[in-house]
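This report concerns only the one structure given below.
There are 4 protein chains.
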Amino acid sequence: MYEYIKGKYIGINKDYVIVENSGIGYKIFTSGATMSSMPKNGEEIMLYLEQIVREDFIGLYGFDSKEELEMFKLLLTVSGVGPKAALSLLSISRVNNLKYAIMIGDEKHICRGVGIGKKTAARIILEIKDKLKPDELVDSSLEIDTKDNENVMALSEALSALIALGYSEKEAESVLKKIDKNDSVENIIKNALKALMG
Amino acid sequence: MYEYIKGKYIGINKDYVIVENSGIGYKIFTSGATMSSMPKNGEEIMLYLEQIVREDFIGLYGFDSKEELEMFKLLLTVSGVGPKAALSLLSISRVNNLKYAIMIGDEKHICRGVGIGKKTAARIILEIKDKLKPDELVDSSLEIDTKDNENVMALSEALSALIALGYSEKEAESVLKKIDKNDSVENIIKNALKALMG
Amino acid sequence: MYEYIKGKYIGINKDYVIVENSGIGYKIFTSGATMSSMPKNGEEIMLYLEQIVREDFIGLYGFDSKEELEMFKLLLTVSGVGPKAALSLLSISRVNNLKYAIMIGDEKHICRGVGIGKKTAARIILEIKDKLKPDELVDSSLEIDTKDNENVMALSEALSALIALGYSEKEAESVLKKIDKNDSVENIIKNALKALMG
Amino acid sequence: MYEYIKGKYIGINKDYVIVENSGIGYKIFTSGATMSSMPKNGEEIMLYLEQIVREDFIGLYGFDSKEELEMFKLLLTVSGVGPKAALSLLSISRVNNLKYAIMIGDEKHICRGVGIGKKTAARIILEIKDKLKPDELVDSSLEIDTKDNENVMALSEALSALIALGYSEKEAESVLKKIDKNDSVENIIKNALKALMG
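Protein chains in written order, with numbering that gives the first Met the number 0: chain A, 0 to 197; chain B, 0 to 197; chain C, 0 to 197; chain D, 0 to 197.
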């Protein structure tokens, strides 16, 4: 239900941080990476969220970058990797290093995560390796200033939005070819939808 | 639990839009139709909601018209049609066109939805066709200016409210005959209830 | 999780009313009695809530009096009576009349509720009759001005609070004898707890 | 999902208190100890929360001290002790006395809790005794003014945070030895994480 939360950073408690919004303190499980980048208590922060719902549990997992959230969600798709194991993987090293370890098949690095044995590490590499694109390794904090890269990212985001809405890859690519790509992701998606829905 | 949300439109992400309310970004799955009608980022919007609860999922589905929300809920009543399939049906064409396709039994049109085979398309036509009234095809954006049509709509809304509360169709119709119908839906329902509860 | 909601009354939709709080429209299922007492659209109202949670449903049921909420919860304790049937019972007559019908065993009156057959009506009378106290029939809107009645109500509320916290009836009654009863429910409960926890 | 709630204290109702936040009255089950320390109606309070989720129930349990909340959560880990039994244990005496009774194995004291027979009392002592540290018995309201005790508490909190994140006890202790311990819990944890994540 939630994409992100903005609020006052209250502090760390065991394996979660507390963010206050409208007088309610929210309990947000997170990784060592996000924890170590938290500001002074009382400062405003924004965390990107994933709500996890089970028969006897409703909890929030949050990260201070979309990239780390996406990696968390990707790790959860691997059978045998639950939220706790995914968080510990994201606590042993920065997201980039973890992606790099998966891409080059570095099982030893991945086994440092709590509850991650050789078998699970091998499965993580097997199931995730192809889903990671080399250019994702570029340090996300490094502003990509060349116009083309921005368009490449915008186009790939628009493509995945159209596919998520149910259009085939062929339909999505053919409509994207026809419309003006020198625009924001927002507008590329809207114009493509208008063209598709005629 | 939720009828609608008012908030700041933040943008599109894959198959959902993000709406911020009181500092929390809500993740709202929606159709291509609603997505393509979203305003510029940062503008205030209102989406009509359906909360879907499963053992391991709590999510919000939202639309910028009640009509599209009602059609989404109607599609979910057809066995074999889940939220994703319903959204894709609402992404292949405007609600009116989808209703028209169902009314005239146009399976080919309906099969364009992702995950919708011939069998499901036939079941959608079979189970929904009789629930759609021809006058619903009138372009909902076209203001019906004649007083009678408004009363017809108000009366039919009042009738369905009384039936939903447990009164028989006969009881509801007989009380509606006795009271003043030149009024808002609100007052027609209240006066009818007062008459019924004596 | 919720005791009540304060917000702007938006209107009736089939078998629920809509109340807006902090920009979110809440969907609150209710009875004919509460519906017929709703103010003009846009006015501030307060509804007493019961949240019902199932594997595939989370919903709010609300009433404009605690009395009607308590009766709704009492009806739900009867096997075979779900929220919809309980609402329809509360739509056929005012709470007082329904209580009166149960006390005198008037099955015919109770069978007017939708989904309520003779067997369920008999079970409602059997299981609820002893839980209703005759003085509850006094029209709750009638201010009881005599001091004693207020104390009787305060004492019975304090007694049920102590029992709900796990003290035996005997323990609760003996401590209530010792403390000053010419006080608010609030203070009677607090003083009793302090005495009990020594 | 929730760590705490700040809001207006509305009053006691049977075995819960009502706290209003942003116009919504929250229903918070609590103990006799917390109830008896509630202020006058209308005053601002803060309760530390535990959200309990079941297939047919979502509820909030709250306490006016972290210590009482931690004890409530500890009691819930004992098989056969549910929220109601845990609350009744926290209603028969202050948290310190309950801890003391568990440490010295005083079954008779523990059996005073509702629904707590000899067997459950023995299990509580068996499963919890080792998890309680004698220094926790120090009256939490007594400000520990000596610098060392504060550091001992800060270090033990930092240790449990690192372990909860997945580091082994050995890894956590060795990094804590290397960093400056004359600091807040916040900074000890962050510096340790930075050292560990290199």
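By construction, the Cβ of each residue, glycine as well, lies at the ideal position given by its N, Cα and C atoms.
key: Interface positions of the region 49 to 82 of chain A facing chain D (Cβ-Cβ less than 7 Å), listed along the chain   = For the region 49 to 82 of chain A, which is checked against every Cβ of chain D, the residues closer than 7 Å are 54, 55, 56, 57, 58, 59.
request  = Tell me, please, whether the region 73 to 82 of chain A touches the region 29 to 37 of chain D by the rule of three or more beta-carbon pairs shorter than 8 Å.
outcome  = Short answer: they don't touch.
key: the region 37 to 55 of chain A in contact with the region 101 to 119 of chain A per 3-pair CB rule at 8 Å   = no
task = Would you decide whether residue 147 of chain A is buried or exposed? Buried here means 16 or more other CB atoms lie within 10 Å of its CB.
result = Note that residue 147 of chain A scores a pLDDT of 46, beneath 50, so its modelled location is shaky; the value from the coordinates is reported in the next line. That one is exposed.
query = Quick one: which chain A residues come within Cβ less than 9 Å of residue 24 of chain B?
reply = 1, 2, 3, 4, 5, 45, 47, 48
request  = Have a look at residue 89 of chain A and residue 59 of chain D and give me their C-alpha separation to the nearest angstrom.
outcome  = 30 Å
key: According to DSSP, residues forming a beta bridge with residue 44 of chain B   = B/6
message = Closer than 8 Å is the cut-off here; do at least three beta carbon pairs connect the region 184 to 191 of chain B with the region 155 to 175 of chain B?
response = Yes, the region 184 to 191 of chain B is in contact with the region 155 to 175 of chain B.
ask   = In its own chain, which residues sit with a C-beta less than 6 Å from the C-beta of residue 19 of chain C, not counting the 5 before and 5 after it?
value = 6, 7, 9
request  = Quick one: grab the DSSP three-state call for residue 75 of chain A.
outcome  = helix
request  = Note the first and the last residue of the continuous alpha helix (DSSP H) segment covering residue 98 of chain D.
outcome  = 94 to 102
inquiry  = Quick check: residue 54 of chain B and residue 54 of chain A, are their CB atoms within less than 8 Å of each other?
reply    = yes
request  = Say whether chain B places a C-beta atom closer than 8 Å to the C-beta of residue 113 of chain C.
outcome  = yes
message = Our contact map puts residue 112 of chain B next to residue 113 of chain C with C-beta atoms below 8 Å; I'd like the distance itself, whole angstroms only.
response = 36 Å between Cβ atoms; not a contact.
Interface partners of residue 20 of chain A on chain B, CB under 9 Å = 21, 22, 23
message = Taking 8 Å as the limit between beta carbons, can you name the residues of its chain near residue 85 of chain A, skipping five residues before and five after?
response = 71, 74, 75
task = For residue 44 of chain D, collect the residues of the same chain with a Cβ closer than 6 Å to its Cβ; drop the 5 residues on either side in sequence, then sort them by chain order.
result = For residue 44 of chain D, where only same-chain residues beyond five positions count, the Cβ hits under 6 Å are 8.
inquiry  = Looking at the secondary structure, which residues open and close the alpha helix (DSSP H) in which residue 54 of chain C lies?
reply    = Taken as a continuous stretch (DSSP letters only), residue 54 of chain C belongs to no alpha helix (DSSP H), as it is neither H nor E.
Reduced DSSP category for residue 24 of chain A - H, G, I as helix; E, B as strand; rest coil = strand
message = Taking the alpha carbon of residue 95 of chain B as the reference point, which residue from B/61, B/116, B/115, B/65 has its own alpha carbon closest?
response = B/65
ask   = Looking only at C-alpha atoms, which of C/40, C/17, C/13 sits nearest to residue 0 of chain B?
value = Nearest Cα to residue 0 of chain B within the set C/40, C/17, C/13: C/17.
ask   = Where does residue 16 of chain D sit, in a helix, a strand or coil, going by DSSP?
value = strand
message = Between which residues of its own chain and residue 133 of chain D is the CB-CB distance below 8 Å, once the five residues before and five after are set aside?
response = 102
ask   = What does residue 159 of chain B reach in chain C if we use C-beta pairs closer than 8 Å?
value = 13
ask   = Among all the DSSP beta bridges, which residues are the ones paired with residue 166 of chain C?
value = Partner(s): none; residue 166 of chain C has no beta bridge.
ask   = Along chain B, which residues have their Cβ under 7 Å away from the Cβ of residue 193 of chain A?
value = 35
task = Specify, as a first and last residue, the run of the alpha helix (DSSP H) that residue 34 of chain D falls within.
result = 31 to 35 is the extent of the alpha helix (DSSP H) around residue 34 of chain D.
ask   = Do the CB positions of residue 163 of chain D and residue 179 of chain A come within less than 8 Å of each other?
value = no
task = Could you list which residues in chain B have their beta carbon closer than 9 Å to that of residue 41 of chain A, in chain order?
result = Result: empty, since nearest Cβ-Cβ is about 16 Å, beyond 9 Å.
ask   = What three-state label does DSSP hand residue 182 of chain C in the structure shown?
value = coil
request  = Would you mind telling me which residues of chain G sit closer than 7 Å to residue 168 of chain A, beta carbon to beta carbon, in chain order?
outcome  = Looking for chain G here will not work: the only protein chains present are A, B, C and D.
ask   = Would you say residue 165 of chain D faces chain A, with C-beta separation under 8 Å as the test?
value = yes
query = Would DSSP call residue 115 of chain B helix, strand or coil?
reply = Three-state DSSP puts residue 115 of chain B in coil, outside helix and strand.
ask   = Around the C-beta of residue 2 of chain D, are 16 or more other C-beta atoms found within 10 angstroms, so that it is buried, or is it exposed?
value = buried
Which of helix, strand or coil DSSP assigns to residue 131 of chain A = coil
ask   = What number of angstroms, rounded off, separates the C-alpha of residue 35 of chain B from the C-alpha of residue 92 of chain B?
value = For the pair residue 35 of chain B and residue 92 of chain B, the Cα-to-Cα distance works out to about 12 Å.
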